[in-house]
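J.:
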Amino acid sequence: MSQNALSRELALRIALAARALPDTDAKRLVTVLAGCVGMPMTESKIAAIDLVTLKAAQQGEFANVADDVLLQALSILKNTASDKILPAVQAYQEGDLPNSVRIACASDDAIHVNGHFGGCTWFMVYQVNGEEARLIDIRSTDIPEGLVVDDKNVYRAEQIQDCKVVYVASVGGPAAAKIVKLGIHPMKLEEVESLADIVSQLQQVMAGSPPPWLAKAMGIEASERFKFDRKAVG
Amino acid sequence: MALYIVEADCISCGDCEPVCPTQSITEGAIVFKIDKRTCTECEGDFDVPQCVKVCPIDNCILPLEA
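Those protein sequence lines, which keep their order, are chains Z and P. Heads up, our numbering is the position in the first sequence plus 1161, with the first residue counted as 1. Heads up, our numbering is the position in the second sequence plus 753, with the first residue counted as 1.
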């Protein structure tokens, strides 16, 4: 029996991959995988499975499952994409952070702002004010099964519609226009920076003298803004 | 007759500055601003004010009353 034992991590990935597949529990997936590679299963054998093998296994058990769903399950199995350990989301209730703004960061690794708007894996959503920042949500950009989406970029922008700013490593022109249209301010970074750096830079600006549009987003009334405003403009 | 930039909405992208036919738009201390003495709202040059056309923010550039 011991030679058939799975490593703890591989077992976890099989369970996660099974959840990504329709009507599949871990047992069914294990049976199919065993049909692909035989027992015992190892990392390297799993890594060698491709879409065609998976579809053909166990007399085509998964032949009717959509290709992209199977590919997603495979990427989870192989630990190539989205199953990295995500940071914990912190609790947030409206009003917890006075004069705060909500921002989204396009990320592929949950560590850096390294995502292209139209291709990133996650939007990391923070609530930020001058003193405090909380990671309040991690939003997947996957389009739910069965949902018909006319425009992928509009769908993505809608996922972060409650945010004032979105930080991206890159974004196309038409996509940026769609983001702006939803009242979100796209910020394209010159180079890849960590999420923590971006958040702390924003905090410094917010604690110092934020530009008027940001002050407005923070809910600071025009009359409370900086006196030099008036003098400088006049 | 002139336009003005709503300070609270301008994001200082600078898109409006080069399209102004009368060079009335300059970067101010806080955000971009329009010189009301020279702004023509593009009359004589274009059918619609070019700054309004290129501005990514809705209702950021408005007619100056009176």
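Glycine included, each C-beta is placed from N, C-alpha and C at the ideal position.
Chain P partners of Asp1326 (chain Z), CB-CB under 7 angstroms?
T.: Here residue 1326 (chain Z) is Val; the residue named in the question, Asp, does not match the sequence. Neighbours of Val1326 (chain Z) on chain P: none; closest Cβ ~10 angstroms, over 7 angstroms.
J.: Determine the burial state of Ala1368 (chain Z): buried for a count of at least 16 other Cβ atoms within 10 Å of its Cβ, exposed for fewer.
T.: exposed
J.: Considering only the alpha carbon of each residue, which of Z:Val1198, Z:Glu1255, Z:Thr1203, Z:Ser1268 lies closest to Ser1168 (chain Z)?
T.: Z:Thr1203
J.: Measure the alpha-carbon distance for Ser777 (chain P) versus Pro1373 (chain Z) and round it to whole angstroms.
T.: 21 angstroms
J.: Going by C-alpha distance, which of Z:Glu1319, Z:Leu1182, Z:Ser1370 is nearest Asp1228 (chain Z)?
T.: Checked all of Z:Glu1319, Z:Leu1182, Z:Ser1370; the closest Cα to Asp1228 (chain Z) is Z:Leu1182.
J.: Quick check: is the beta carbon of Ser1243 (chain Z) nearer than 8 angstroms to any beta carbon in chain P?
T.: With a pLDDT of 49 at Ser1243 (chain Z), under the threshold of 50, the predicted position of this residue should be treated as unreliable, though the coordinate-derived value follows. Chain P contact via Cβ: absent.
J.: Helix, strand or coil, according to DSSP, for Asp1244 (chain Z) in the structure here?
T.: With a pLDDT of 48 at Asp1244 (chain Z), under the threshold of 50, the predicted position of this residue should be treated as unreliable, and no value is reported.
J.: Could you tell me which of Z:Ser1205, Z:Glu1170, Z:Leu1235 sits nearest to Leu1190 (chain Z), measuring between CA atoms?
T.: Z:Leu1235
J.: Tell me whether the beta-carbon of Val1329 (chain Z) lies closer than 8 angstroms to the beta-carbon of His1277 (chain Z).
T.: yes
J.: For Asp1298 (chain Z), does the three-state DSSP call read helix, strand or coil?
T.: strand
J.: Quick check: is the beta carbon of Val805 (chain P) nearer than 8 angstroms to any beta carbon in chain Z?
T.: no
J.: Spell out the partners DSSP gives Ile1340 (chain Z) in its beta bridges.
T.: Its beta-bridge partners do not exist; DSSP assigns none.
J.: Looking at the structure shown, is Val1360 (chain Z) part of a helix, part of a strand, or coil, going by DSSP?
T.: helix
J.: So is Glu760 (chain P) in contact with chain Z if we call contact Cβ pairs under 8 angstroms?
T.: So, interface residue.
J.: Could you say if the stretch 1260 to 1275 of chain Z and the stretch 1216 to 1228 of chain Z meet the contact criterion of at least three C-beta pairs nearer than 8 angstroms?
T.: no
J.: Contact criterion: CB-CB distance below 8 angstroms. Does Lys1377 (chain Z) meet it with respect to chain P?
T.: yes
J.: Quick one: is Ser777 (chain P) near chain Z, going by C-beta distance under 8 angstroms?
T.: no
J.: By the criterion of Cβ-Cβ separation under 8 angstroms, what are the contact partners of Pro1372 (chain Z) in chain P?
T.: Ile764, Ser765, Ile783, Val784
J.: Going straight from the alpha carbon of Glu1293 (chain Z) to that of Arg1300 (chain Z), what length do you get?
T.: Counting only the Cα atoms, Arg1300 (chain Z) lies some 21 angstroms from Glu1293 (chain Z).
J.: Sort out for me which residues DSSP pairs Met1348 (chain Z) with in a bridge.
T.: Z:Tyr1328
J.: Residues in the same chain with beta-carbon distance under 6 angstroms from Ser1243 (chain Z), minus the five sequence neighbours each way, listed in chain order, please.
T.: Low confidence applies to Ser1243 (chain Z): its pLDDT is 49, below 50, so where it sits in the model is not reliable, and the reading given next is rough at best. Counting only Cβ-Cβ distances below 6 angstroms, and skipping sequence neighbours, we find Thr1282.
J.: For Val1341 (chain Z), which residues in chain P fall below 8 angstroms Cβ to Cβ?
T.: Pro809, Ile810
J.: Nearest to Val842 (chain P) by CA position, among P:Phe785, P:Val759, P:Gly767, P:Pro816, is which residue?
T.: It is not possible to answer for residue 842 (chain P), since the shown part of chain P is limited to 754 through 819.
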